[in-house]
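Novice: Numbering (this note's numbering), first residue to last: 290 to 960. Glycine included, C-beta positions come from ideal geometry on N, C-alpha and C. Have a look at this one.
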């Protein structure tokens, strides 16, 4: 029954997508508003198919329907309820199903948001683009990524999901957050394609899709932070970002999406950087598809990646199609994309944003090169090459420092041109804050050129952001925190927290391995001191359940007991470490067992790795601050009066704008 229901849902999604594409194409060709308005009905049909398929798979997992190959290979009767639900996105076919569900939800949301303008050709082309994407993902589920294949010989039980994916609750939340971010970029991408096709290249479509872009970026940001948190808490190596190819696959669209969110303000304000914005937006969506290829084609060996599959060529072909169509449309509309406006001075807001684009593009190129170079080398020479962490750290560190500098300078720059007197006045307090942070860091014992420079620039950027927020709240009170500019400054503060935590935890990490005993008579010490923290072996604890065997050690860190352990899952061949972490605002103490505890009673001993990293908790706090800032940026702050009072609700219905025409700039303040 589950297989029939699920397959029926997938077929409904395919039929709905094809029907929508044909209907919209006929409506656009014949200028038939009645046909264009039918896109909402088809959106409901596609979402209905996705919901049926999703519910059927969850039902199969919950009822342990091992007649489905997906459940037989990834489910288990012993898997706890939370991880059993999350098993749906723990393997290839289920992850594609979740992608299709989220994409269908976004499609319906767009149809509802623009329900009064579905007959507008710009909206119709955007809907058509989204239905093409939904068709692709539903077609994957009818072909190589079919989650509803059945087995002739039904097993009595399954192996369960990957052990690493069922020992921390973050796995129930981290992937869906990433998908909401990945898939969310489909909406602005679809409107970008629609603007290129229709020639409606003014700023109206940017205004209408700004929040969609912002929320997609926020979901992706939170998803990346949760992934780093999971890595720190689960893998036991002490880090949180290893420049793993699959981590990079999520970071690449974040980089280009961040550049777009900044750059789009220049186009809204002055009608400039249109080619940049369209290119960044289309690159962001294309990179989400490339990331999907990297994680789901089996071409990479990673703890995050899925096994080998047959969908790689289809994903790579879809990625190539996106690139070709985007480049072709931008070239076709090249004359219309030119703006007569020019950057008056490098020392201006628009000059800083252009430099910001270049730096983010360089950052993305460095990460992309390091990620795909091993694949290219292997394809050309059949030689497996590894690009390690030193490459990424050496190449990205100076770029990160430049971005911190831009975060300090850009918010104080006026549009068009800044005088030396203006810069001196506006940078005075941020400069003092940066100097104060540097002095404090040195007094606290910080050493090393790179981390000290990072601390100074972080303080400099924080002073700039705080200056903007203080001025805004003085003028408007608490409402001064709302709006793109001021919400963006809160996001900047979150980024600064992460930058400081990243610099400190990497530069001043202390790691030690030791064997500890219950009593000194057992032949080893009972306590070890690492960076001022006393770690004492208290005893052995057995927390085995029906789902797994778990043997751990109770270790007191400064008097508080923690219990790192080693787990063995029934159908797993490996022992899985389960670290334990003590977090404080000052530092993080990670405890990981290097092997199973030995002996018992007064003869017991354990070999443990202790890693102390300063300021780690500020990574997670910074991520939360970025999320809050994104929400505040989505709500309107103080608005400038539009040049045409009627232009805001009819932004998408405006006629095509001439190059450089700024007449359809809608809400160009903090909208």
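(1) Roughly how many angstroms lie between the CA atoms of residue 328 and residue 718, to the nearest whole one?
(2) Which runs of the alpha helix (DSSP H) at least 4 residues long sit entirely within the stretch 313-361? Give them in chain order.
(3) Rank 914, 924 and 865 by C-alpha distance to the C-alpha of residue 526 and give the top, closest one.
(4) Between which residues of its own chain and residue 600 is the CB-CB distance below 7 Å, once the five residues before and five after are set aside?
(5) Can you tell me the Cα-Cα spacing of residue 800 and residue 615, whole angstroms?
(6) Exposed or buried, which one is residue 875 when buried takes at least 16 other CB atoms within 10 Å?
(7) Using the Cα positions of residue 319 and residue 336, report the straight-line distance between them to the nearest angstrom.
(8) What distance in whole Å lies between the Cβ atoms of residue 704 and residue 637, which are believed to be in contact at a cut-off of 8 Å?
(9) Suppose you measure from the CA of residue 391 to the CA of residue 859; what does that come to, to the nearest Å?
(10) Quick check: what's the CA-CA separation for residue 785 versus residue 402?
(11) Give a yes or no on whether the C-beta atoms belonging to residue 904 and residue 790 are separated by under 8 Å.
(12) Assign residue 729 to one of two classes, buried (16 or more other C-beta atoms within 10 Å of its C-beta) or exposed (fewer than that).
(13) Classify residue 296 as helix, strand or coil using the three-state DSSP reduction.
(14) Quick one: Cα of residue 325 to Cα of residue 632, how far?
(15) With burial defined as no fewer than 16 other Cβ atoms inside 10 Å of the residue's Cβ, what is the status of residue 556: buried or exposed?
(16) Rounded to a whole number of angstroms, what is the C-alpha to C-alpha distance between residue 847 and residue 883?
(17) Taking the beta strand (DSSP E) that residue 851 belongs to, which residues open and close that run?
(18) Can you give me the C-alpha to C-alpha distance between residue 425 and residue 574, rounded to a whole angstrom?
(19) Express the C-alpha separation of residue 845 and residue 957 in angstroms, rounding to a whole number.
(20) Check whether the stretch 404-420 touches the stretch 483-503, counting contact only when three or more Cβ pairs, one atom from each stretch, lie closer than 8 Å.
(21) Please state if the CB of residue 466 and the CB of residue 511 are separated by a distance shorter than 8 Å.
(22) For my contact list, residue 677 and residue 788 are in at a C-beta cut-off of 8 Å; report their separation, rounded to the angstrom.
(23) Note down, in chain order, each residue of its chain lying with its Cβ closer than 6 Å to the Cβ of residue 482, except the 5 sequence neighbours on either side.
(24) Could you give the distance in angstroms between the alpha-carbon of residue 829 and the alpha-carbon of residue 910?
(25) Would you mind working out which of 919, 532, 836 and 693 sits nearest residue 655, comparing C-alpha positions?
(26) Is the number of C-beta pairs between the stretch 356-375 and the stretch 435-447 that are closer than 8 Å three or more?
(27) With DSSP run on the structure shown, which of helix, strand or coil describes residue 677?
(28) State the DSSP-derived secondary structure class of residue 492, mapped to helix, strand or coil.
(29) Unbroken beta strand (DSSP E) runs of length 3 or more, entirely within the stretch 746-828: which are they?
(30) Would you list the one or two residues that DSSP bridges to residue 838?
(31) Express the C-alpha separation of residue 659 and residue 570 in angstroms, rounding to a whole number.
(32) Can you tell me the Cα-Cα spacing of residue 603 and residue 474, whole angstroms?
(33) For residue 437 versus residue 338, is the C-beta spacing smaller than 8 Å?
Specialist: The structure says:
(1) If I take the Cα positions, the gap works out to 54 Å.
(2) Runs of the alpha helix (DSSP H) inside the stretch 313-361: 322-325 and 328-351.
(3) Nearest option by C-alpha distance: 865.
(4) If we look at residue 600 and ignore the five residues flanking it on each side, its Cβ neighbours are 429, 433, 434, 585 and 586.
(5) Residue 800 and residue 615: Cα-Cα distance of roughly 48 Å.
(6) The residue in question, residue 875, is exposed, as its Cβ has fewer than 16 Cβ neighbours within 10 Å.
(7) About 27 Å.
(8) About 6 Å; that satisfies the 8 Å criterion.
(9) Spanning the two alpha carbons is a distance of roughly 33 Å.
(10) Computed Cα separation, rounded: 35 Å.
(11) It is a contact, given that the beta carbons lie within the stated cut-off.
(12) Of the other Cβ atoms in all chains shown, fewer than 16 fall within 10 Å of the Cβ of residue 729; this residue is therefore exposed.
(13) Helix at residue 296.
(14) In a straight line, the C-alpha of residue 325 is about 40 Å away from that of residue 632.
(15) By the 10 Å Cβ count, residue 556 comes out buried.
(16) One Cα belongs to residue 847, the other to residue 883, and the distance between them is close to 21 Å.
(17) Element bounds for residue 851: 849-851.
(18) CA-CA distance, residue 425 to residue 574, rounds to 14 Å.
(19) Only weak support exists for where residue 957 lies, its pLDDT of 32 falling under 50; the value from the coordinates is given anyway. Their Cα atoms are separated by approximately 57 Å.
(20) Taking one beta carbon from each stretch, the stretch 404-420 and the stretch 483-503 have 3 or more pairs nearer than 8 Å; the two touch.
(21) Yes.
(22) With a contact defined as Cβ atoms closer than 8 Å, residue 677 and residue 788 miss out at about 22 Å.
(23) The beta carbon of residue 482 lies closer than 6 Å to those of 418 in the same chain, with the five residues before and after it left out.
(24) Using only the alpha carbons, I get a separation of about 33 Å.
(25) Restricting attention to 919, 532, 836 and 693, the CA atom closest to the CA of residue 655 is found in 532.
(26) Yes: at least three Cβ pairs fall under 8 Å.
(27) In the three-state reduction of the DSSP assignment, residue 677 falls in the coil class, being assigned neither a helical nor a strand state.
(28) If DSSP states are grouped into helix, strand and coil, residue 492 belongs with coil.
(29) Within the stretch 746-828, the complete beta strand (DSSP E) segments of 3 residues or longer fall at 799-806 and 816-819, listed in chain order.
(30) Residue 838 is bridged to 857.
(31) Their Cα atoms are separated by approximately 22 Å.
(32) When rounded, the distance between both Cα atoms is 20 Å.
(33) No, the pair does not count as a contact, with Cβ atoms beyond the cut-off.
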